Amino acid sequence: MNGNELTKLLEPTVEGLGYEIADLEVRTGGQDGVVRVFIDRQPEGVGLQDCEIVSRQISALLDVEDPVTGHYTLEVSSPGLDRRLHKAEHFQRFAGEEIRVKLRFPLNGQRNYRGTLKTSDDENIEIEVDGEVHSLPIKTIESARLIPAM
Numbered sequence: 001m002n003g004n005e006l007t008k009l010l011e012p013t014v015e016g017l018g019y020e021i022a023d024l025e026v027r028t029g030g031q032d033g034v035v036r037v038f039i040d041r042q043p044e045g046v047g048l049q050d051c052e053i054v055s056r057q058i059s060a061l062l063d064v065e066d067p068v069t070g071h072y073t074l075e076v077s078s079p080g081l082d083r084r085l086h087k088a089e090h091f092q093r094f095a096g097e098e099i100r101v102k103l104r105f106p107l108n109g110q111r112n113y114r115g116t117l118k119t120s121d122d123e124n125i126e127i128e129v130d131g132e133v134h135s136l137p138i139k140t141i142e143s144a145r146l147i148p149a150m
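Counting from 1, one number per residue, gives the positions in the sequence shown under our numbering.
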């Protein structure tokens, strides 16, 4: 089962508890497999107790559904200060924040951007870098992360 399918399986349970799945990582194979679920709740965020609650519920669901083959460890965590942005809703929520973006392939000769996320919609983000605004299609983004304020 791929990450998108697993997210769809887990979302009703996680959302029913009042959280959202901010990100999901699945690495299987051998004895070092891991299913890492990053949860969030706006505006208050999440703490250790939140992660424990969600972990218990997800663990029970995974035991029943058995969607992941092989041995793995389940980890539930907050997305952190340098959280990944990958959904259109994430980009919309964090408009005005400093971000770092890496594209799958160069656009106008540039693949990496670091600047202020200006606006976004369901298809594009606008990032201001050194006074110049760049429009980037979300589907071309390999990775995007918040840059924590110092």
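The beta-carbon is built from N, C-alpha and C at its ideal position, and this holds for glycine as well. Because the structure is a prediction, the values reported are computed rather than measured.
Cβ atoms of residue 99 and residue 136 stay farther apart than 8 Å, at about 11 Å.
The beta carbon of residue 114 sits closer than 8 Å to those of 98, 99, 100, 101, 129 and 147, all from its chain and outside the five residues before and after it, given in chain order. The DSSP assignment places 110-120, 124-129 and 132-137 as complete runs of the beta strand (DSSP E) inside the segment 106-141, in order along the chain (cut-off: 3 residues). Judged by their CB atoms, residue 31 and residue 86 are not nearer to each other than the 7 Å cut-off. Annotation for residue 39: no alpha helix (DSSP H) segment contains it, though the beta strand (DSSP E) segment containing it runs 33-40. Proximity to residue 144 across 150, 54, 103 and 7 peaks at 103, based on C-alpha coordinates. Between the segment 55-66 and the segment 5-16 there are three or more inter-stretch CB-CB distances shorter than 8 Å, so the stretches are counted as touching.
Residue 24 is a Cβ neighbour of residue 37, given a cutoff of 7 Å.
With distances taken between CA atoms, residue 1 lies nearest to 29 out of 20, 55, 29 and 22.
Scanning the segment 68-95 for uninterrupted alpha helix (DSSP H) segments of 4 residues or longer gives 88-93, listed from N- to C-terminal end. Ranking 117, 79, 68 and 67 by CA distance to the CA of residue 46 puts 79 first. Residue 35 is not a Cβ neighbour of residue 3, given a cutoff of 7 Å.
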